[in-house]
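Numbering (the numbering used here), first residue to last: 16 to 103.
Even for Gly, the Cβ is constructed at its ideal location relative to N, Cα and C.
All values reported here derive from a predicted model rather than from experimental measurement.
Structure record follows, encoded as structure tokens.
Encoded structure:
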């Protein structure tokens, strides 16, 4: 028996503001602290790499990740060497 899909809830203004604020905070951290390491979810936001591509990058033989984290510069350098890996 199929059940009706629940209607999608629209985020409130405060939730959207929080999301935008979090993204701005990540961008600010990356700019002020270039050697800061980010997890894969944060790097998806900062670099534009798709969520489906990130596990492929983490599991690559020459992965830029160390202990599950990576700097934005290391990821950018790795992506420059592997141009086909950046998916939206």
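Considering residue i, what are the terminal residues of the alpha helix (DSSP H) in which it resides?
i: residue 89; result: 87-96
i: residue 70; result: 69-73
Quick one, which of the options has its alpha-carbon nearest residue i's?
i: residue 97; options: 73, 54, 22; result: 73
i: residue 94; options: 82, 84, 68, 81; result: 68
i: residue 49; options: 88, 92, 99; result: 88
Measure the C-alpha to C-alpha separation of residue i and residue j and round it to an integer number of angstroms.
i: residue 78; j: residue 70; result: 10 Å
i: residue 55; j: residue 34; result: 17 Å
i: residue 14; j: residue 76; result: Only positions 16 to 103 of the chain appear in the structure, and residue 14 is not among them; the question remains open.
i: residue 62; j: residue 22; result: 31 Å
Let's test the definition: count the other Cβ atoms within 10 Å of the Cβ of residue i and tell me whether it reaches 16, buried, or not, exposed.
i: residue 103; result: With a pLDDT of only 46 at residue 103, under 50, the local geometry of the prediction cannot be trusted, and the value read off the model is given with reservation. So residue 103 ends up on the exposed side.
i: residue 36; result: exposed
i: residue 82; result: exposed
i: residue 45; result: buried
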